[in-house]
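Let me begin by presenting the structure, written as structure tokens, before commenting on it.
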Amino acid sequence: MLTSGALSNQRLPEFLAFLAAEKDEACAVRVAVERAASALEAEVAVVREPGRVIGSVGFAVGKVPAVELAEVLAGQRRMLDVPGAGPCHVAVAPLDCYPEGQLIVARSGADEFTVDEVGLLRGMARALELTLGTLRTLAAERRQAIENTRLVATLQQRQRLLEQISDIQRAITRRAPLQQILDAITIGAQKLLGDEVVGLRMRDPDDPNMLLLVSSRGLDPEQRRQVWRVPLAEAGPPGQAMQRDDLVVVQPPAQSGAATPTGAPLVAGMAAPVHENGAVVGSLEVASLATGRPDAVRVYTDADQEILRVFAEHVSLAVTDANTQEAMRQAFHDPLTGLASRRLFMDRLEHALAGVDRSRTRVAVLFVDLDRFKIVNDSLGHAAGDSMLVGVADRLRACLRDGDPQALAGSHSDELHGMAARLGGDEFAVVLAGLADEAPAVRVAERILESLRAPFQIDGKEAFVEASVGIALDTIERCGQTQLRNADLAMYQAKRNGEGRYEIFEPALRMAFLRRLDLEADLRHAVSRAEFLLHFQPIFELESDRLVGVEALLRWQHPHRGLIAPREFIPLAEETGLILPIDIWALTQACAQASAWNRQRGQLPPLTLSVNLSVRQLQRADLPDIVARTLLDTGFAAEQLVLEITESVLLHRTDVILDRLRELKRLRVRLAMDDFGTGYSSLAYLRHLPVDILKIDKSFVDEITSEPEASGLARAIVQLGRTLGLVTVAEGIEALDQRNELREAGCDLGQGFYFAKPLTAAEIEPLLLDHAGFSTAQPPTH
Amino acid sequence: MAPDPRLLVVFSSPEHDPAAVVAGIAKEAPGVPLVGCSSESVITPAGPVDHGVVVMAVGGPGFAVATAVAHASSGRQREAGAEVATACLSRAADLPYRMLMLMTDGFTADQEVILAGVYGVVGASVPLIGGSASPVEGKDRTFQIHGTDVFTDAVVGVMLASEGPFGVGLQHGWRRVGEPLIVTQSLNGVVKTLNDRPALSTYLNMLGAPALMHRDPAAFLVYARTRPIGVSRRDGDEVRDICSTDYFEEGWLRSSGEIPEGGLIWLMEGDTGSVLDAAGGAARDAVAALGGHPPIGLLAFDCVSRRGVLGGEGTLREVERMTEIGLPLAGMYTWGEIARTRGINGYHNLTLAVLALS
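Chains as they are written, first to last, in the working numbering: chain A, 1 to 782; chain B, 1 to 358.
Structure follows, in structure tokens:
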């Protein structure tokens, strides 16, 4: 919930403007208490000094409870009883224009004043001090003018200059550009004080020990260039004023060695600190030069010092105001794309949900996540990535702005209210309110997906990105966080289902997600508890039915759920990165086992061993080293090892993967393309991939004897393998006629239930050590 | 007429001769304090009545009133508010509960300054209720009633004092639309810029208003009537009517209530359902604020502009929502509602303020 409190510092310029309109002290105090109470939504505001209430609002006339007020201020009681309002929290700010003066507000209700609100009160007190100071100066000068007509000219001049302060205040109120305000302040200070040089220095944001000259008068360009950045410790009066947090005056002849920013001898100078939210951030200085008035002795009166303080305080106000406004914009908007921030998005969502019951409409949240955005960032650079995010934001806006009646038809009210936000990274969200049902949300999701498919022009090049969208409608509990989480889950499901698409949240998704979380936790334990085991499936030469190798297949022996097949946990292991240790374990175990078998086979030809490698594994730069070490440690012959990769490697950074595969080849291991024909096969890539073996997916084998088309495809793959000089292996052979068909087509090797299902090491061992070999003339073991 | 009337509150459609109306009422209840004002249409238990007059009599033991009027409030709004408050406070009966009811002229500028004058005298010690008198549509005159005297540009006040508590309910039924806007330049209800851009065009652009609204002041008035803005407050959003073309040429917005510079505002929308719900809610809140004391009647101060959203049928249903509680009801359609129970601000737009008596 955004409250007025979030904008505390923003209220100061308006407060100043109200005070600036007042002509005398009593009116200024009255306006100050009314405005302070109004801005802080308080019942009571008081300006007082010990023993005297100078102005108040909120108590009936003549009924200010001075004693109780004093007790609260002395800490003797916590709350102030305000007739009609009850016990009130109290906030106090010192008011230096009265001896031990205070500006006090009191407010009913349970909520105490926030830090921001107390900060605002302090700012108001300071603004009142400034205004009263100006009014008193004016009043004093008026009195003086009455006493002495000779001073009339001076008064008029000073009044004009004091009006300049009002101009500055108005410039702050108007939110004129900061530099313009700061220049107006240095010009005003020079005119009012009559010194040759005025400089405003602020801490360098990159190095707080250095000061930057941000505005100056009386310096030529070369002088400005010389002193634009100086160490705080060597800055003279400005540095001292900052270190002491007080006004510093340098009068001759005591500081005879002092010099102005120009290096010219200093006759006199003074500097006052500038604050931002209470911290010293800079200094405003004036200096009188020996060259300017060789015979004059410049003496700064109390009035001069007060004037410099006033100007410095106005710098503080302007700087604080400018930074607060910027901070607030940033709080509500994503600085890169200009879309709403997460905070604003959640606020909008909660408000939309609050109206759902009354309006009997629905609210939808669309969670939009870019697919493979990281590739853009990695390959084109972060600047390009940022450009793309800006482009995505523009298209999201357009999707919501374009009043395509067809797309938005079905909204319950005349207007469908939508807002897009960037939640962070490449995550965006859209809230749609006023819906009759989910149909308009689906249409917006489709528009978003469609609009993002068009190429982005980045640095003159075309770049592409797709998005996955999750849609969630309001739930019974009307909780924005829950709805956003539901949309996130639906988006996640969309990604799992293939990216570039949308999914609508259903409660079952959450259950699946929770189950997945459980599984992930179990999987982590499984690595440390050694719950994995290997099964082996024999591979046969089709021509001879001779057993030539085995494929190692990973299984997970879950303590409660029993044996879990790879398709249930490998994708999860890949997503979580757990695949890395699992794969290494499998490779090591399989090599050790196969190595032992080959030793036992004696004169028989050594078995080949096929092991699956995940894409994640291939992304590791040290994979070739790991394989080499494993071969060395287990004594398994490199040329007998077949590493199986899937076509999905083609989706990733092909150049890096290709390099990795070539390194593996240099170890003399062989590479097999698994599940060939099901995925992203590209003949062009296949030619470049250093694979030795094509494994024909089971789906082609299943239908090879019944579907002429499948048979044709299987034959084509075999032919393709031959053309490229690759060995072909058919997977999933379940029947004799399938084996015959493949053998006839020229397929080299085969595996499947027709020959043998995957077996444990103990079960398969007799087959491997059978010197007669295994032939399908004998019934296969199932 | 009730047996022991202590106060008569009258609301009369402006086309009636107010002097004749008060003379007729005074004849029926001689000597009973009478206050009231004009209202475009009046609220009765049977629904809103155009060209009507409604009178509520309040009385019985343990109830007392003190009334006052300040003339010619324009140009001296603060003083007028202070005069009425001072007069009412000085003659207020010494009973446990008090409520100051105010009726002002809707054409008088800076209504909040009148309330500042009142608050300067009574402070938080007395809650405020009331409204600004409304004219017949298209006319430029309202009237306020004090005793048998009829005024324009006046502030009428009546201090209600009772042994039983008073309850105030205040709801509007409007809700935020779209993103917040920063009030970057504003003073005394005139908003010059929003997000550093001209206020009027920014407002219209945010709403996606037809181009005509940017050019035609009359069309803008109709459009803006049901599209107010909301000012963020601790207790929720305060609605501000910006239905004025005083600064149309300059491209600024004008509100009859204050819109603080540096604050956040939201564009607001309402529909028949939400505005009707607010009516029932305000009445129930008012009764709930009695803290269990049995209610005896309701006085409603309902913004004229809400009728623009509700339409004729909806306005009837709105009154039905307030009478569902089963209490006598009288009320008026205002050009600005007064209700202060907390904080210093008590002036509202497009809102319904309900006073429950016990």
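No residue lacks a Cβ here, since even glycine has one placed at the ideal position from N, Cα and C.
*In three-state terms, what does DSSP make of Cys-303/B?*
strand
_Let me see if you follow: with CB-CB separation under 8 Å, is Asp-271/B close to chain A or not?_
yes
*Going by DSSP, which residues form a beta bridge with Ile-458/A?*
Lys-461/A
*Among the residues of its own chain, which have a CB less than 6 Å from the CB of Arg-670/A, if the five just before and after it don't count?*
Val-642 and Asp-692
*Could you name the residues of chain A that Ala-128/B contacts, counting a contact when the two beta carbons are closer than 8 Å?*
Residue identity differs from the one stated: residue 128/B is Leu in this sequence, not Ala. Correct list: empty, because the minimum Cβ distance to chain A is about 10 Å.
*asked:* Using only the alpha-carbon positions, how far apart do Ala-187/B and Gln-169/A sit?
replied: Reading off the sequence shown, one finds Leu at residue 187/B, where the question assumed Ala. Distance between the alpha carbons of Leu-187/B and Gln-169/A is about 14 Å.
*chain B partners of Phe-59/A, CB-CB under 7 Å?*
Gly-123
_Beta-carbon within less than 7 Å of Ala-42/A's beta-carbon, same chain only, minus the 5 sequence neighbours each way: which residues are those?_
Val-105, Ala-106 and Arg-107
*Compare the C-beta of Glu-178/B against all C-beta atoms of chain A and say whether one is closer than 8 Å.*
Note on identity: in this sequence residue 178/B is Gly, with Glu being the wrong assignment. Closer than 8 Å: yes.
_So the candidates are Gly-109/A, Val-267/A, Gln-179/A and Tyr-98/A; which of them puts its Cα closest to the Cα of Leu-132/A?_
Tyr-98/A
*Can Gly-62/A and Ala-45/A be called in contact, C-beta distance under 8 Å?*
The answer is no: Cβ separation not under 8 Å.
*Indicate whether Gln-102/A and Val-92/A have their beta-carbon atoms separated by less than 8 Å.*
yes
*Which residues, in order along the region 238–264 of chain B, keep a beta-carbon less than 8 Å from a beta-carbon of chain A?*
Glu-258, Pro-260, Glu-261, Gly-262, Gly-263 and Leu-264
*Starting from the Cα of Gly-109/A, find the closest Cα among Thr-608/A, Ala-590/A, Arg-126/A and Val-82/A and give me that residue.*
Val-82/A
*State the beta-bridge partners of Asn-612/A as determined by DSSP.*
Glu-644/A
_Distance cutoff 8 Å, beta carbons only. Does Ser-216/A sit that close to anything in chain B?_
Residue contact check for Ser-216/A against chain B: no CB pair falls below 8 Å.
*Entirely enclosed beta strand (DSSP E) segments - the region 116–151 of chain B, minimum 3 residues*: Within the region 116–151 of chain B, the complete beta strand (DSSP E) runs of at least 3 residues are 128–133, 144–146 and 149–151.
*asked:* Counting only C-beta atoms, is Ser-274/B closer than 8 Å to chain A at any point?
replied: yes
*asked:* Using C-beta distances below 8 Å, list every residue in its chain close to Gly-424/A, excluding the 5 sequence neighbours before and after it, in chain order.
replied: Arg-342
*When the cut-off is 8 Å and only beta carbons count, does Leu-95/A lie next to chain B?*
no
*Expected contact under 8 Å - CB spacing of Ser-468/A and Lys-495/A to nearest Å*: In this structure Ser-468/A touches Lys-495/A by the C-beta definition: roughly 4 Å separates them, less than 8 Å.
*Quick one: give me the first and last residue of the alpha helix (DSSP H) that Ile-185/A is part of.*
178–193
*Per the contact definition of three or more C-beta pairs closer than 8 Å, is the region 148–167 of chain B in contact with the region 86–100 of chain B?*
yes
*Which whole-angstrom value describes the C-beta separation of Arg-254/B and Asp-246/B, a residue pair presumed to lie in contact below a C-beta threshold of 8 Å?*
5 Å
_Val-10/B, buried or exposed, once every other Cβ within 10 Å from all chains shown has been counted against 16_ = buried
*Listed by chain order, chain B residues near Phe-700/A by CB distance under 9 Å*: Under the 9 Å cutoff, chain B gives no residues; its nearest Cβ is about 56 Å from Phe-700/A.
*With a CB to CB cut of under 6 Å and the five nearest residues on each side skipped, what residues in its chain are close to Asp-748/A?*
Val-727 and Thr-728
*Note down the Cα distance separating Leu-8/B from Thr-44/B, rounded to an integer number of angstroms.*
15 Å
*Could you tell me whether the region 312–326 of chain A touches the region 171–180 of chain A, where touching means 3 or more Cβ pairs closer than 8 Å?*
yes
*Mark His-688/A as exposed unless 16 or more other C-beta atoms lie within 10 angstroms of its C-beta, in which case mark it buried.*
exposed
*Please list the residues of the region 71–83 of chain A that have a C-beta atom closer than 8 Å to any C-beta atom in chain B, keeping them in chain order.*
Val-82 and Pro-83
*asked:* So Leu-400/A contacts chain B; which residues on that side make the cut at Cβ distance below 7 Å?
replied: Those do not exist, as Leu-400/A stays about 11 Å from chain B at its closest Cβ, beyond 7 Å.
*Gln-372/B at chain A interface by Cβ criterion, 8 Å*: The first residue shown for chain B is 1 and the last is 358, placing residue 372/B beyond what the model contains.
_Please give the ranges of any alpha helix (DSSP H) in the region 71–154 of chain A, keeping only runs that are unbroken, at least 4 residues long and fully inside the region._
115–147
*Out of curiosity, what's the CA-to-CA distance linking Thr-193/B and Leu-200/B?*
8 Å
*Pull up the DSSP beta-bridge partners for Glu-427/A, would you.*
Asp-369/A and Gly-424/A
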